[in-house]
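Chains as they are written, first to last, in this note's numbering: chain A, 6 to 208; chain B, 6 to 208. The C-beta atom is built at its ideal place from N, Cα and C for all residues, glycine as well.
2 protein chains.
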Amino acid sequence: MTSVLVCDDSPLAREALRRAVATVPGVERVTTAANGEEVLRRWGADRSDLILVDVRMPGLGAVETVRRLLSADSGARIIMLTVAEDLDGVALAVAAGARGYLHKDASRAELRSTVTQALADPTWRLAPRRLRSADMGAAPTLTAREIQVLEGMSHGRSNAEIGRELFLSEDTVKTHARRLFKKLGASDRAHAVALGFRWGLVR
Amino acid sequence: MTSVLVCDDSPLAREALRRAVATVPGVERVTTAANGEEVLRRWGADRSDLILVDVRMPGLGAVETVRRLLSADSGARIIMLTVAEDLDGVALAVAAGARGYLHKDASRAELRSTVTQALADPTWRLAPRRLRSADMGAAPTLTAREIQVLEGMSHGRSNAEIGRELFLSEDTVKTHARRLFKKLGASDRAHAVALGFRWGLVR
DNA sequence: ACGACGGTCACCCGAAAGAGTTACGGGTGA
DNA sequence: TCACCCGTAACTCTTTCGGGTGACCGTCGT
């Protein structure tokens, strides 16, 4: 029983991927998820043989998702999906333990051959590259809420606006902000946003 | 009577956009079109105050649509809609005369604020710049000083600290800050830093 | 069962930020 | 020449931020 889990925040892309992966010989089941949290839930319930994860995701980021999947099961086989040239994100995810990546605008044949290969060989890995893997150890771990607040900041929202968006009081947003500042070592929101980008926590 | 015209080839996206734009304060009517030809027809019949056009369209392309709209009425206010990182298309459309662009996966608040801004100010432009077709990056042009100030912000410096670093008064730093906010379309320093990263102006 | 942590909310307070406005000299392009 | 932008600076006024502190309630791990 070979199953694949596909994660992408865009419903259209998700469906297209689901259909494409389903045509790979040997794949019996394809499940989908819209975000990192859902991936972790589904993975906990039913471990697929392969996971495809979009690098750019709201909420729990791709890097964090990869890290948590691997801490749950170090044997998890993960392939990143990327749209454009955000190679930084891919690099970080690969450094975090993903097996490789796929361009979303790769041909269907390309996708199929990569998936086939990854399924056939449990040790399959994209050519190992020299990445900033050393940096990853020090990467601050933000909670989902903290990342949501950080993302709000990166979109120019005030604490009050973020609170309205997340159905929280402004004071609660401030608490999350203070905690994430401390974790990141940021002196203010602008600094926090910059560090978020440098760590690949937001994009 | 404020009206907005939305053009997108995907019915789902079209409806979602229509609903989102309809919630913008001051907008009384939202009409939709599925392609460039229809936009031109509707524009001929009844000129809206603002037009949102998907960059990716079948038949008459977005760039050609923009060009024809502007040749019919040079005051037409057009904002491009883009899905991914097809900056080429956006850049061409902006070069052709579009006022700016919006990521389709931008938050509803972001969309609303951009539309509000564009409706409020007839001269609104995402980044007032002298675009050449070769510009291609479409990145807003910040002056050296503005980039220095933005970099200071990205390192968590206060305006006063940035001033001391650059041998400027705090008030001067504030002036540079205000100007770069306007150029980037940022609402505060955190947003400006985020946009700086997204445009590749800082790292 | 205990503590640590995360999520929620509240209050106070001083320090920043940001908006608006004005101003002046220099450079540059139309 | 005139208009426009840039760099510099000052002023006021309001909003927002950030730190400190305390509190209550879950959950999770040990």
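- Closest by C-alpha distance to Thr7 (chain A), out of A:Arg47, A:Arg52, A:Arg24, is A:Arg52.
- For Val198 (chain B), the chain A residues whose C-beta falls within less than 7 angstroms of its own C-beta are Ala195, Val198, Ala199, listed in chain order.
- Beta-bridge analysis with DSSP links Val207 (chain A) to no other residue.
- Chain A has a Cβ within less than 8 angstroms of the Cβ of His160 (chain B).
- Using a CB distance cut-off of 8 angstroms, Ala165 (chain B) does not count as an interface residue toward chain A.
- Here Asp126 (chain A) is exposed: its Cβ has fewer than 16 other Cβ atoms, across all protein chains shown, within 10 Å.
- A direct Cα-Cα distance of roughly 6 angstroms separates Gly168 (chain B) from Val178 (chain B).
- With three or more CB-CB distances shorter than 8 angstroms, the stretch 184 to 199 of chain B counts as touching the stretch 148 to 156 of chain B.
- Fewer than three Cβ pairs drawn from the stretch 19 to 37 of chain B and the stretch 72 to 79 of chain A lie within less than 8 angstroms of each other, which leaves the two stretches out of contact.
- Interface annotation for the stretch 173 to 196 of chain B against chain A: Ala191, Ser192, Asp193, Arg194, Ala195, His196, criterion Cβ-Cβ distance under 8 angstroms.
- DSSP places Val11 (chain A) in the strand class (E or B) of the three-state scheme.
- Taking the CA atoms as reference points, Thr121 (chain B) sits about 14 angstroms from Ala191 (chain B).
- Secondary structure note for Arg34 (chain B): it is in no alpha helix (DSSP H), and the uninterrupted beta strand (DSSP E) holding it is 34 to 38.
- About 5 angstroms separates the beta carbon of Arg117 (chain A) from that of Val29 (chain A), a gap short enough to meet the 8 angstroms contact definition.
- Comparing alpha-carbon positions, the option among A:Thr148, A:Phe202, A:Arg73 lying closest to Thr180 (chain A) turns out to be A:Thr148.
- The beta-carbon separation of Leu10 (chain A) and Arg47 (chain A), rounded to 6 angstroms, stays under the 8 angstroms limit for a contact.
- Thr70 (chain B) sits away from Val35 (chain B), with the two beta carbons spaced by 8 angstroms or more.
- Using a Cβ distance threshold of 8 angstroms, Asp13 (chain B) and Leu124 (chain B) do not count as a contacting pair.
- In chain order, Met158 place their CB closer than 6 angstroms to the CB of Arg194 (chain A), counting only its own chain and leaving out the 5 sequence neighbours on each side.
- Per the coordinates, the alpha-carbon of His160 (chain A) lies some 17 angstroms from the alpha-carbon of Leu206 (chain B).
- In the three-state DSSP reduction, Asp193 (chain A) falls in the coil class, being neither helix nor strand.
- Classified as buried, Gly201 (chain A) has 16 or more neighbouring CB atoms from the shown chains inside 10 Å of its CB.
- With 16 or more other Cβ atoms inside 10 Å of its own Cβ, Ala38 (chain B) counts as buried.
- Residue burial annotation: Gly49 (chain A) is exposed, with fewer than 16 other C-beta atoms found within 10 angstroms of its C-beta.
- With contacts defined by Cβ atoms closer than 8 angstroms, Val32 (chain B) and Val198 (chain A) do not form a contacting pair.
- Contact between Glu175 (chain B) and Arg162 (chain B) does not hold, since their C-beta atoms are separated by about 11 angstroms, which reaches or exceeds 8 angstroms.
- Annotation: Arg150 (chain B) to Glu42 (chain A) spans about 42 angstroms, alpha carbon to alpha carbon.
- The C-alpha of Val58 (chain B) lies about 43 angstroms from the C-alpha of Leu173 (chain B).
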